[in-house]
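Novice: Chains as they are written, first to last, in my numbering: chain A, -11 to 193; chain B, -11 to 193. Glycine residues also receive a C-beta, built at the ideal position from the N, C-alpha and C atoms. From a predicted model like this one, the values you see are computed outputs, not experimental measurements.
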DNA sequence: ATATCATGTGAATCATCTTTCACAAGGCTC
DNA sequence: GAGCCTTGTGAAAGATGATTCACATGATAT
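1) Anything in chain B within Cβ reach of residue 56 of chain A, meaning under 7 Å, just list it in chain order.
2) For residue 173 of chain B, is the classification buried or exposed, using 16 other Cβ atoms within 10 angstroms of its Cβ as the cut-off for buried?
3) Is residue 49 of chain B closer than 8 Å to residue 6 of chain B when the C-beta atoms are compared?
4) Keeping to the same chain, check which residues put their C-beta closer than 7 Å to that of residue 90 of chain B; ignore five residues upstream and five downstream.
5) Please list the partners that residue 116 of chain B has in chain A, where partner means a Cβ-to-Cβ separation under 7 Å.
6) Using a C-beta cutoff of 8 Å, does residue 133 of chain B count as contacting chain A?
7) Quick one: is residue -1 of chain A buried, meaning 16 or more other Cβ sit within 10 Å of its Cβ, or exposed?
8) How many Å lie between residue 187 of chain B and residue 145 of chain A at the Cα?
9) Under a CB-based cut-off of 8 Å, is residue 52 of chain A close to chain B?
10) Could you check the C-alpha separation between residue 60 of chain B and residue 41 of chain A for me, to the nearest Å?
11) Quick one: which residues of the segment 9 to 23 of chain B get their C-beta closer than 8 Å to a C-beta of chain A? List them in chain order.
12) By Cβ distance, which residues of its chain are closer than 7 Å to residue 25 of chain A, with the 5 residues on each side in sequence left out?
13) Go ahead and pull the three-state DSSP assignment for residue 31 of chain B.
14) Using 8 Å as the threshold, is the segment 120 to 134 of chain A in touch with the segment 117 to 135 of chain B, meaning 3 or more CB pairs across them?
15) Please state the DSSP three-state secondary structure of residue 185 of chain B.
16) Please report whether the beta-carbon of residue 4 of chain B lies at a distance below 8 Å from any beta-carbon of chain A.
17) Hey, out of A:-3, A:165, A:177 and A:109, whose CA is closest to residue 54 of chain A's CA?
18) Tell me the DSSP secondary structure of residue 136 of chain B in three-state form.
19) State the start and end residues of the unbroken alpha helix (DSSP H) segment that holds residue 158 of chain B.
20) If we call anything under 8 Å between Cβ atoms a contact, is residue 157 of chain A one with residue 86 of chain A?
21) Pull up the CB-CB distance for residue 45 of chain B and residue 151 of chain A, whole angstroms please, since I reckon it's below 8 Å.
22) Between residue 144 of chain A and chain B, is any beta-carbon pair separated by less than 8 Å?
23) Whose Cβ in chain B lies nearer than 8 Å to the Cβ of residue 113 of chain A?
24) According to a CB-to-CB cut-off of less than 7 Å, which residues of the segment 79 to 96 of chain B neighbour chain A?
25) Given that residue 141 of chain B touches chain A, what residues does it touch there, using C-beta distances under 7 Å?
26) Looking at the structure shown, is residue 168 of chain B part of a helix, part of a strand, or coil, going by DSSP?
27) Which chain A residues sit within Cβ distance under 9 Å of residue 219 of chain B?
28) Using 8 Å as the threshold, is the C-beta distance between residue 154 of chain A and residue 103 of chain B below it?
29) What residues in the segment 39 to 51 of chain B bring their beta carbon closer than 7 Å to a beta carbon of chain A?
30) Anything in chain A within Cβ reach of residue 124 of chain B, meaning under 9 Å, just list it in chain order.
31) How many angstroms separate the CA atom of residue 121 of chain A from the CA atom of residue 140 of chain A?
32) List, in order along the chain, the chain B residues whose C-beta lies closer than 8 Å to that of residue 65 of chain A?
33) Would you kindly work out how many angstroms separate the C-alpha atoms of residue 16 of chain A and residue 16 of chain B, rounded to a whole number?
34) If you check the beta carbons only, do residue 119 of chain A and residue 71 of chain A fall under 8 Å apart?
35) Quick check: what's the CA-CA separation for residue 20 of chain A versus residue 10 of chain A?
36) Return the CA-CA distance between residue 57 of chain B and residue 27 of chain A, expressed in angstroms with no decimal places.
Listed below in structure tokens is the structure:
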């Protein structure tokens, strides 16, 4: 019973996407070629028509991850000019990205993804650094425009920003989706904004 | 060649501790009974004298994790009465805990640790919630004493607090220890403190 | 319509770990 | 120091997955 035949270009992407979902559902341990093949509707050995092996598959997954993160950044930069608004949007988009791709934190923390392959580790590092760099430049732009307090170090702020939703993601994950990350992200953003905005605090209470 | 004989009480702890280190070094995939046994100085099958199987070993690891986190909280509560100082110390201790136990974030994000076992997942959730609860009560106490701005929601703040070092831990990990988490934690703490303290900001320049 | 090339199939093979088991020693009690 | 319980050993058995391979089949070009 042959399944539909597809060009390797398309299949590769389709397989990598399915792999990301699979890891999201079952964890990296659950990334088994038979399960993956079943999801795509082919037979395990067919995967080898598109990937040299599991390693190459992992590479493709990391590439896909990169693509998604970059797309997010691009989008928010187009959606708004205001640096703080860009950051807020980036946060909300990032939350959605993680909600839809539970696989991402797992890949980052896995070690099994990068332990073997130096290139994969440095690619992951590059993705995070690039993201941080973008946030950092939003912070700097905010400072230039007088919106963000200039005594705060942009690179520290960028890291703190990225941390705003991480513990919430953990809770969400462990509680099986019961915890409301989106709501937390909104509140965390407010806390962050109040903490970094110029002049926003004197009247606080 | 018999290795030293030890009571199962001691061996269990010893094995669980070694397992935590092993996961820290090699990731969960690297948690293989032969490698673990070698580290402890026994033979793989001997592990079964102390654990029913790998599942029970994972349980023991989670228990150990819990013990370490609780110990941290207890210590800082004894070291200082000032809630903000308690939080600062907790942050620094937590950073050290993660530095020494790379295994912890991996276990939390693994899914392979909790997917099978409901009890393990809820235990992990309990650990995090307990930790959050402690931070939250430090925040409340800070608010009661007029040190922390009362319009900030304690539970949101507790989560933001826990997020202060997480992205830094990722960078540290991916950069193979090159990134200085401790320094980041100090800076991130300053950012956090300035953001939440009452009255600390009017003079900000 | 047929030759050709790429994709898909199913079964077999390999590799990697986990788990079991029969046996050997320690160490403790009497 | 004999008996008994517990811990440790080495080899074998089982499970689980990844990978290979010979063969089938769909698409495409001519």
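Specialist: Quick look at the numbers:
1) Correct list: empty, because the minimum Cβ distance to chain B is about 17 Å.
2) buried
3) no
4) 12 and 161
5) 158, 159 and 162
6) no
7) buried
8) 21 Å
9) no
10) 44 Å
11) 14, 15, 16, 17 and 18
12) 31, 32, 34 and 35
13) coil
14) no
15) strand
16) no
17) A:109
18) strand
19) 154 to 162
20) yes
21) Actually they are not in contact, since the Cβ atoms of residue 45 of chain B and residue 151 of chain A sit about 31 Å apart, beyond 8 Å.
22) yes
23) 159, 162 and 163
24) 93, 94 and 96
25) 175
26) coil
27) This structure does not reach residue 219 of chain B, given that chain B is present from -11 up to 193, and the question cannot be answered.
28) no
29) none
30) Within 9 Å Cβ-Cβ: nothing; residue 124 of chain B doesn't reach chain A, min ~12 Å.
31) 16 Å
32) Those do not exist, as residue 65 of chain A stays about 20 Å from chain B at its closest Cβ, beyond 8 Å.
33) 10 Å
34) no
35) 9 Å
36) 39 Å
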